[in-house]
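**Student:** Residue numbers (our numbering): 3 to 282.
Note that the Cβ used here is the ideal one computed from N, Cα and C, for glycine as well.
If you scroll down you'll find the structure; I have some questions about it.
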């Protein structure tokens with residue numbers, strides 16, 4: 003329902019539609035009873051759940067109800083739109099251990115001028131205030147994002163504001179993209195297309211900044227214990243692997259097959275987004 007100027011999704015998929023809350027709750031409960039250990043509530047914009055009146059409750063209420071379902075499992079959700087993120091949702095995240103301390107909050111750009119051209123309907127200041135509020139409530143919450151470079155008319159100053167936002171928001175990781183026009187969108191009709199070589203230079207600089215954040219975030223786990231949900235066995239490495247609540251991949255040795263189980267990993271060293279350690 004947001005019609006960002008670069009996005010074709012609203013034109014292809016139509017307006018948002020909310021599934022009934024009781025149907026979702028029954029499905030989550032059924033999956034947990036079947037032994038599933040991680041559930042993701044997925045939507046183009048989960049924060050606008052029930053905007054059509056079909057859900058029966060708000061998204062924070064739905065998340066709270068899901069987290070009250072008995073059983074050992076993790077609960078994730080994505081994607082949130084910054085214009086709709088609320089303190090009420092952050093308080094629900096804070097209240098329940100089952101809800102992963104991870105928020106994917108796509109910002110797309112750090113320049114108010116570019117955000118306006120994208121029709122994102124929030125400012126840099128509003129976005130950063132939401133991050134501040136979240137971390138006051140949940141200090142160890144990892145925040146990830148999406149970033150676009152090379153949007154029509156983007157200047158070097160606009161780009162530098164995006165770079166500075168990466169540091170100020172302290173993203174744990176980010177998905178980075180070079181703007182690509184989509185036929186039928188307003189952005190595709192805009193003048194001021196950025197030369198390919200300029201976009202390539204900016205994406206490389208952005209990736210370097212994001213990678214440094216990722217490296218620093220991973221190093222903070224060294225010497226600490228983090229819970230991993232084991233997903234698979236890496237034949238090449240000879241190690242089991244799985245993710246912690248923040249999405250960091252953990253690798254470890256085990257004499258037993260622990261795929262599908264929660265394990266506690268003492269992190270010995272980190273490499274990029276990956277953690278290596280021993281079971282406690």
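Under 8 Å, do residue 111 and residue 164 count as touching if we go by C-beta distance?
**Tutor:** Yes. Within cutoff.
**Student:** How many Å lie between residue 123 and residue 171 at the Cα?
**Tutor:** Straight-line Cα distance between these residues: approximately 19 Å.
**Student:** Which residue or residues does DSSP assign as beta-bridge partners of residue 79?
**Tutor:** Answer is 43.
**Student:** Do residue 54 and residue 82 count as a contact pair if the criterion is CB distance below 8 Å?
**Tutor:** Not a contact, by the Cβ cut-off of 8 Å.
**Student:** Thinking residue 302 and residue 230 are a contact (beta carbons under 8 Å), I'd like their distance in whole angstroms, please.
**Tutor:** Nothing can be reported for residue 302: it is not among the residues displayed for the chain, which extend from 3 to 282.
**Student:** Rounding to the nearest angstrom, what Cα-Cα distance links residue 279 and residue 18 in this structure?
**Tutor:** C-alpha separation (whole angstroms): 43 Å.
**Student:** Tell me whether the beta-carbon of residue 277 lies closer than 8 Å to the beta-carbon of residue 250.
**Tutor:** In this structure, residue 250 lies closer than 8 Å to residue 277 by Cβ.
**Student:** Expressed to the nearest angstrom, what Euclidean distance is found between the alpha-carbon atoms of residue 179 and residue 62?
**Tutor:** If you take the alpha carbons of residue 179 and residue 62, they lie about 30 Å apart.
**Student:** Measuring CB to CB, does residue 215 end up less than 8 Å from residue 228?
**Tutor:** No, these two residues do not count as a Cβ contact at 8 Å.
**Student:** Out of 177, 224, 190 and 244, point me to the one whose CA is closest to residue 270's CA.
**Tutor:** Of 177, 224, 190 and 244, the residue nearest in Cα terms is 224.
**Student:** Residue 151 lies in the beta strand (DSSP E); which residues open and close that run?
**Tutor:** 144-151 is the span of the beta strand (DSSP E), which, as asked, contains residue 151.
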